[in-house]
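Counting with the numbering used here, you get residues 809 to 988 for the letters of the sequence shown.
For reference, the structure discussed in these notes is given below.
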Amino acid sequence: VLVGSGWKHLLGVYSLLKVSGFVAGVAMTPLPNIYDGTQSLPSGVNLIGTHSGAFHCDEVLACALLRQLPEFQESSIVRTRDPEVLALCKIVVDVGGVYEPGKNRDDEHQRGFTETMNANKRTKLSSAGLIYKHFGKEISSRLSESEEDDVLYHGIYDSFIEHIDGIDNGIEAFDGPKNY
Numbered sequence: 809v810l811v812g813s814g815w816k817h818l819l820g821v822y823s824l825l826k827v828s829g830f831v832a833g834v835a836m837t838p839l840p841n842i843y844d845g846t847q848s849l850p851s852g853v854n855l856i857g858t859h860s861g862a863f864h865c866d867e868v869l870a871c872a873l874l875r876q877l878p879e880f881q882e883s884s885i886v887r888t889r890d891p892e893v894l895a896l897c898k899i900v901v902d903v904g905g906v907y908e909p910g911k912n913r914d915d916e917h918q919r920g921f922t923e924t925m926n927a928n929k930r931t932k933l934s935s936a937g938l939i940y941k942h943f944g945k946e947i948s949s950r951l952s953e954s955e956e957d958d959v960l961y962h963g964i965y966d967s968f969i970e971h972i973d974g975i976d977n978g979i980e981a982f983d984g985p986k987n988y
């Protein structure tokens, strides 16, 4: 039986997944248009760029998280590795080899990348973790009745997104004591 903040964390994660359309594999919100970068791209909408080829849970979650924000709710997703096409995107996740949050470039794939959620965490961030680090308070506040709910914000990271970060970085959840 879940009580107290544990229940609230679970409800927050469920709400995030439900709003994102990922509960039980059933789309509950309109899915975005997805382009491969060779088609004519739409104008007048903010584009979210990510890599082409095999997709991974971190960039799928990063895109779903972004689409919870008013700025990106109507965004189309462009899957490409072409720098010229990515330059047209309002935000780029998991591709491009650049981490510059002020320019909305959120790729963790470069030498020396060591970004974590905070000084108390050891797990390096995936693209989902980067998006949550920079937009998570706004996303979690949309799920909560209060404007800033730190319990929910930290609970979603600790009980869900950090696991995606760990998986993306090849960290076993358990190899003795719990790693994350």
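Glycine included, every Cβ here is placed at the ideal spot set by N, Cα and C.
Assign Ile-842 to one of two classes, buried (16 or more other C-beta atoms within 10 Å of its C-beta) or exposed (fewer than that). Position 34 of the sequence shown, counted from the start, is the residue given in the question as residue 842. With fewer than 16 Cβ atoms within 10 Å of its Cβ, Ile-842 is classed as exposed.
Just reading off the alpha helix (DSSP H) that Val-959 is part of, what are its end residues? Residue 959 sits at position 151 when you count from the first residue of the sequence shown. Run containing Val-959: 958-964, per the alpha helix (DSSP H) assignment.
Buried or exposed, going by whether 16 or more other CB atoms sit within 10 Å of the CB of Arg-922? On the sequence shown, position 114 is the one that residue 922 refers to. For the record, residue 922 in the displayed sequence is Thr; it is not Arg. It counts as exposed.
Pick helix, strand or coil for Ile-972, following the three-state DSSP scheme. If you number the sequence shown from 1, residue 972 lands on position 164. Reduced to three states, the DSSP call for Ile-972 is helix.
Return the chain-ordered ranges of every beta strand (DSSP E) run that is complete within the stretch 839-927 and spans a minimum of 3 residues. 855-858, 884-887 and 899-901
What does Lys-929 pair with, by DSSP beta-bridge criteria? Numbered from 1 along the sequence shown, position 121 holds the residue referred to as residue 929. For Lys-929, which the question treats as bridged, DSSP gives no partner whatsoever.
So, Arg-889 versus Ser-848, is the Cβ gap smaller than 8 Å? For this step, residue 889 is matched to residue 81 along the sequence shown. For this step, residue 848 is matched to residue 40 along the sequence shown. Cβ distance not < 8 Å, so Arg-889 and Ser-848 don't count as in contact.
For Gly-984, three-class secondary structure by DSSP: Taking the sequence shown and counting its residues from 1, one reaches residue 984 at position 176. Residue state, collapsed to three classes: coil.
For Ser-934, count neighbouring Cβ atoms within 10 angstroms of its own Cβ and tell me buried if that reaches 16, exposed if not. For this step, residue 934 is matched to residue 126 along the sequence shown. Buried, because 16 or more other Cβ atoms sit within 10 Å of the Cβ of Ser-934.
On the three-state DSSP scale, how would you describe Ile-947? Along the sequence shown, read from residue 1 onward, the residue named residue 947 stands at position 139. Here Ile-947 sits in helix by DSSP.
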